[in-house]
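Numbering-wise, the working numbering comes out as the position in the sequence shown, counting from 1, plus 55.
Here a beta-carbon is modelled for each residue, glycine too, at the ideal position from N, C-alpha and C.
The model shown is predicted, which means the values in this text are computed figures rather than measured ones.
Working notes for the structure below.
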Amino acid sequence: MATTSARLTLPAKLEATLIGGHPWVYRDQVPQGFSAPIGTMVEVRCGKFSAWALWDPSSALALRVYSRIAKPDVNWYRQRVSEAWQLRAGLRLQRTNAFRWIYGEGDGLPGIIVDHYAGLAVVVCDTPACDQIVDALVPLLVEVGGVSGVVRRRRGAAKEDRLERLWGAEPPATLVVEENGLRLRADLVAGQKTGLFLDHRENRATVERVSKDARVLNLFAYSGAFSLYALRGGAREVVSVDVAPGAAEDAAHNVRLNGFDESRHHFEVADVFDYLERARLAGERFDVIVCDPPSFARNNAHLDKALKAYVRVNAAGMKLAAPGALYAGASCTGRVTPHAFKQCLAESARRSQRRMQVVHESGQPVDHPELLGHPEGRYLKFVMGRLLPRA
Ligand SMILES: C[S@@+](CC[C@H](N)C(=O)[O-])C[C@H]1O[C@@H](n2cnc3c(N)ncnc32)[C@H](O)[C@@H]1O
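Okay, here's the thing in structure tokens:
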């Protein structure tokens, strides 16, 4: 646990934002000359605001606010871990054992993610400043969640060093989890994110509800999670498209794991843009289309490019819609607001000579809570609409 401490007075212009709940202070907002060891809990003051914040000289995000009451101790951390565990209680009753247990800022533990995969806790940190906090959290994860193991996944590390055992048995590289009663393989080492995209659980259930007898196209399918829900919903055929190595094999494995007829599912290992062009030329049509691309912008400088990419990919996707088809567009780019994303979809519909009636709109599920005052915590958009010919 962070043991050293220091004091710091922040510029008065930050007071309203900090009181409003925003937990970040950037390096260029910190008075010059301040220094402390990485991971120090700094007692910060700013007018009427005071708090304990984690010091991170290694990043542009210099301070992350933890407690507004006292320097965090083991009881404070236990409280955050159990509050987060309780919030997910409903999920655990729904045949789901894969969920985000701690969503950083949203759960009051900035910079720290913990995903729960079938009794194994997978910890990911945004910064080494969190290292001592992770040491404090490990026994609490075991105590509160009764997990059999805790591992840390390091972003950007070579495959052989990516997973570190922190407690319990040596973790398996892959395991099978349950989501709304469907079984999925999660690859904790080679998989994207921590193995699965846990944030679309409810959106996938929405797709299941509209898939009866439909021909379904799942663009940017990864290991086929949306496809499994479509198959369970009674789709007559599902086509999944993704370019990631291993995604096709994982998806085929998942189809078998759930006992679905393999002839109803087809995986195209392809660049989505190439696939869409080929499918258009071949006159392919689908009744339900899901388009869930990767994030298109990491910062504001790339925002314009991201908006154009959303218009382009969704326009190409919409061209494959059968009359009256349902089209679900998703965006995980935090900098693109729900309003801006719908504007992109409107432009895509216009370019594909169709009208879109929005019938369902959502974002993140309960295990990705947004802390009010920290809008950066809300990133996911999911908009489903019916596509009709222009009138
Ligand atoms: C947000 S993830 C999709 C998650 C998936 N829908 C799920 O529910 O598990 C984006 C996916 O897009 C894939 N991808 C990125 N660029 C691609 C491209 N140009 N063509 C095909 N797939 C691509 C990545 O491999 C990744 O699996």
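(Q) Suppose the cutoff is 8 angstroms on Cβ atoms and the five residues either side in sequence are ignored; what does the same chain contact list for R238 look like? (A) V231, V232, N309, L312 and N313
Q: Return the chain-ordered ranges of every beta strand (DSSP E) run that is complete within the stretch 278-361 and spans a minimum of 3 residues.
A: 292-297, 320-324 and 341-346
Q | Within 8 angstroms, strictly: CB atoms of S131 and R143 | A | For the sequence presented, residue 131 should be read as Trp rather than Ser. No; because the gap between Cβ atoms is not below 8 angstroms, this pair is not in contact.
Q) Should C346 be counted as a contact of ligand 1 given a C-beta to heavy atom distance under 7 angstroms? A) no
Q: Could you tell me how far apart the beta carbons of I344 and A380 are, in whole angstroms, since I believe they sit closer than 8 angstroms?
A: 6 angstroms
Q) What's the C-alpha gap between V244 and P226? A) 10 angstroms
Q) Around the Cβ of L427, are there at least 16 other Cβ atoms within 10 angstroms (buried) or fewer (exposed)? A) exposed
Q) Are the beta-carbon atoms belonging to S282 and H320 less than 8 angstroms from one another? A) yes
Q.
Can you list, in chain order, the residues of its chain with a C-beta nearer than 7 angstroms to that of D183? Leave out the 5 residues immediately preceding and following it.
A. Rather than Asp, the amino acid found at residue 183 in this sequence is Pro. The residues are I93 and S113.
(Q) Please report the straight-line C-alpha distance between D83 and Y365, rounded to a whole angstrom. (A) 33 angstroms
Q) If you draw a straight line from the alpha carbon of R150 to that of A260, how long is it in whole angstroms? A) 13 angstroms
Q: Would you decide whether L73 is buried or exposed? Buried here means 16 or more other CB atoms lie within 10 Å of its CB.
A: buried
Q) beta strand (DSSP E) containing S417: first to last residue? A) R409 to S417
Q) Mapping DSSP to helix, strand and coil, what is F396? A) helix
Q: Would you give the residue range spanned by the alpha helix (DSSP H) that N258 belongs to?
A: R256 to R264
**Q.** S122, enclosing beta strand (DSSP E) - first and last residue
**A.** L116 to S122
Q: List the DSSP bridge partners of V97.
A: A61 and A108
Q. Taking the alpha carbon of N369 as the point to measure from, which residue in Q398, R390 and N355 has its own alpha carbon closest?
A. Q398
Q: Return yes when the C-beta of D242 is under 7 angstroms from any heavy atom of ligand 1, and no when it is not.
A: no
**Q.** 8 angstroms contact criterion, which A302 and E234 should meet: CB distance rounded
**A.** So it is not a contact: roughly 17 angstroms between Cβ atoms.
(Q) Which complete alpha helix (DSSP H) runs does the stretch 188-271 hold, if anything under 4 residues is left out? (A) 256-264
(Q) Buried or exposed, going by whether 16 or more other CB atoms sit within 10 Å of the CB of F328? (A) exposed
Q | Where the beta strand (DSSP E) containing G440 begins and where it ends | A | K436 to P444
Q: Check whether the Cβ of F281 lies closer than 7 angstroms to any heavy atom of ligand 1, and answer yes or no.
A: yes
(Q) Could you tell me the alpha carbon to alpha carbon distance between A306 and L251, rounded to whole angstroms? (A) 12 angstroms
Q) Between the Cα of C387 and the Cα atoms of A376, L358 and F341, which residue gives the shortest distance? A) L358
Q: Name, in chain order, the residues that DSSP records as bridge partners for N273.
A: S295 and V345
(Q) Below 7 angstroms, is the gap between the Cβ of L435 and the nearest heavy atom of ligand 1? (A) no
Q) If you drop the 5 nearest sequence neighbours on each side, which residues of the same chain put their C-beta closer than 6 angstroms to that of V136? A) L195 and V199
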